[in-house]
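Have a look at the structure below, then the notes.
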Amino acid sequence: MPVSANRALSVDGVAIAADPHLLTVSIPGHFTSHVPVASSFVRPGGPRRSGDGSTVQAAAGDVNNDSVIDILDAIAIRDARGTSTRPRTSTSDGTVDAADLRFVVINFLLRNPEADTAPYPQSTYRGVTLEAVKATFN
């Protein structure tokens, strides 16, 4: 589905329903988010009725798609440095680099609040810390 320049999403051909539809948003390297969206419609010759303007919050940095942002994501970015491996690159430049690691640093140790079975985030793995991973990008 294309997203407009102002980050709006429009979907045609969806049945009008009394209850909201559930939109699942899955962006590589981000938490998966589920958003209820009210139906919208256009009446022939009449005004447009629009949905509720739901907003999606999907934290970036979950490159291994386990619903937590932790040291394992930082290690995956470190190990893919200089490649174009998705979803290791969360930026639009197409290369895994320090800009991608920045999302892990900002959102470090977050759990996806919408995930039913998210593990607990790990701050270290086999002695590797976030500071050690950051140092490899200097």
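Residues in the sequence shown are numbered from 16 upward in steps of one, following our numbering.
From the three backbone atoms N, C-alpha and C, an ideal C-beta is built for every residue, glycine too.
Item to complete: Find out if the Cβ-Cβ distance for the pair N80, A91 is shorter than 8 Å.
Response: Position 65 of the sequence shown, counted from the start, is the residue given in the question as residue 80. Position 76 of the sequence shown, counted from the start, is the residue given in the question as residue 91. In this structure, A91 does not lie closer than 8 Å to N80 by Cβ.
Worksheet item: Whose CA, out of R96, A75, G44, I42, lies closest to the CA of T151?
Response: Locating residue 151 in the sequence shown gives position 136, where the first residue counts as 1. T151 has its Cα closest to that of R96, out of R96, A75, G44, I42.
Worksheet item: Exposed or buried, H49, counting other C-beta atoms within 10 Å across all chains shown (16 or more means buried)?
Response: Position 34 of the sequence shown, counting from 1, holds the residue named residue 49. Label assigned to H49: exposed.
Discussion item. For a test of the three-state rule: what should DSSP assign to L116, helix, strand or coil?
Written reply: As a working note, residue 116 is residue 101 in the sequence shown. Note: L116 maps to helix in three-state DSSP.
Discussion item. Taking 7 Å as the limit between beta carbons, can you name the residues of its chain near T100, skipping five residues before and five after?
Written reply: Residue 100 sits at position 85 when you count from the first residue of the sequence shown. So the list reads V111, once near-sequence residues are dropped.
Item to complete: Indicate the three-state DSSP secondary structure (helix, strand or coil) for V50 in the structure shown.
Response: Sequence index remark: in the sequence shown, residue 50 carries index 35 (1-based). Three-state result, V50: strand.
Item to complete: Locate the beta strand (DSSP E) running through L87, then write down its first and last residues.
Response: For the purposes of this step, residue 87 is identified with residue 72 of the sequence shown, where counting begins at 1. It is not in any beta strand (DSSP E) - L87 instead sits in the alpha helix (DSSP H) that spans 86 to 94.
Fill in: G76 vs V40 beta-carbon contact at 8 Å
The residue you call residue 76 lines up with position 61 of the sequence shown. The residue you call residue 40 lines up with position 25 of the sequence shown. It is not a contact, given that the beta carbons lie outside the stated cut-off.
Worksheet entry | Burial state of S138 (16 or more Cβ within 10 Å) | Residue mapping note: residue 138 aligns to position 123 of the sequence shown, counting from 1. Exposed is the call here.
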